[in-house]
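J.: Encoded as structure tokens, here's the structure I'll be asking about.
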Amino acid sequence: MQNFDFNEALKAIQSGKPITGIDGVLAPLIKQLTEAALSAEIDSYLEQHPSSNRRNGYSKKTVKSVVGSFELETPRDRNGEFEPKRVNSEASLRPSARRRL
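Quick note: the sequence shown uses numbering that gives the first Met the number 0, first residue 0, plus one each step.
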């Protein structure tokens with residue numbers, strides 16, 4: 000995962016690049032924040048549901064948000080029981096997640 004570069008973002012905005020949309024300046028930041036939140040969410044889920052269940056890689060999901068669509072790497076668990084609360088099954092950021100991000 001590449002970290003969001005604020006200096007590059009400012010240069011892009013100054014050069015006329017759109018702030019929102021799939022190629023917008025904010026899309027990589029929203030992606031990075033959402034993936035970090037999903038990682039924390041699965042960690043919390045696995046702590047609250049102790050068993051032999053554990054992380055089992057990632058799956059890719061195209062997500063719609065207010066800044067455009069982008070591909071997320073969503074964490075999976077071995078038992079297939081983890082259902083993220085920040086990204087719904089229709090692959091969009093939930094309104095409550097959009098407010099938090």
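The C-beta atom is built at its ideal place from N, Cα and C for all residues, glycine as well.
#1: Does the stretch 34 to 45 come close enough to the stretch 9 to 24 to have 3 or more Cβ pairs within less than 8 Å?
#2: Does the stretch 45 to 52 touch the stretch 65 to 82, meaning 3 or more C-beta pairs lie closer than 8 Å?
#3: Straight-line CA distance for R54 to V65?
#4: Taking a contact to mean a Cβ-Cβ separation below 9 Å, would you say R75 touches S58 in this structure?
#5: As a quick exercise: from G67, T73, A39, pick the residue whose alpha carbon is nearest that of P17.
#6: Count the other CB atoms, across all protein chains shown, that sit within 10 Å of the CB of E70; report buried if there are 16 or more and exposed otherwise.
#7: Could you tell me if the beta carbon of E46 falls within a distance shorter than 8 Å of some heavy atom in the ligand NAP?
#8: For G56 and E40, what's the separation of their Cα atoms in angstroms?
#9: Using CA atoms only, rank isn't needed, just tell me which of S50, L9, T19, K30 is closest to N2.
#10: With DSSP as the reference, label E70 as helix, strand or coil.
T.: Based on what the coordinates show:
#1: Contact fails: fewer than three Cβ-Cβ distances are below 8 Å.
#2: Yes: the two stretches touch, three or more of their Cβ pairs being nearer than 8 Å.
#3: Locating residue 54 in the sequence shown gives position 55, counting from the first residue. Locating residue 65 in the sequence shown gives position 66, counting from the first residue. In a straight line, the C-alpha of R54 is about 29 Å away from that of V65.
#4: Locating residue 75 in the sequence shown gives position 76, counting from the first residue. Locating residue 58 in the sequence shown gives position 59, counting from the first residue. The Cβ atoms of R75 and S58 sit closer than 9 Å to each other.
#5: Numbered from its first residue, the sequence shown carries residue 17 at position 18. P17 has its Cα closest to that of G67, out of G67, T73, A39.
#6: Position 71 of the sequence shown holds residue 70. A residue is called buried when at least 16 other Cβ atoms come within 10 angstroms of its Cβ; E70 does not meet this threshold and is exposed.
#7: Ligands in the displayed structure: none, and consequently the ligand NAP is not present.
#8: Translated into positions along the sequence shown, residue 56 becomes position 57. Translated into positions along the sequence shown, residue 40 becomes position 41. Spanning the alpha carbons of G56 and E40 requires a straight line of approximately 14 Å.
#9: The residue labelled residue 2 in the question sits at position 3 within the sequence shown. For N2, the nearest C-alpha among the options comes from K30.
#10: Taking the first residue of the sequence shown as 1, we reach residue 70 at position 71. The answer is strand: DSSP assigns E70 an E or B state.
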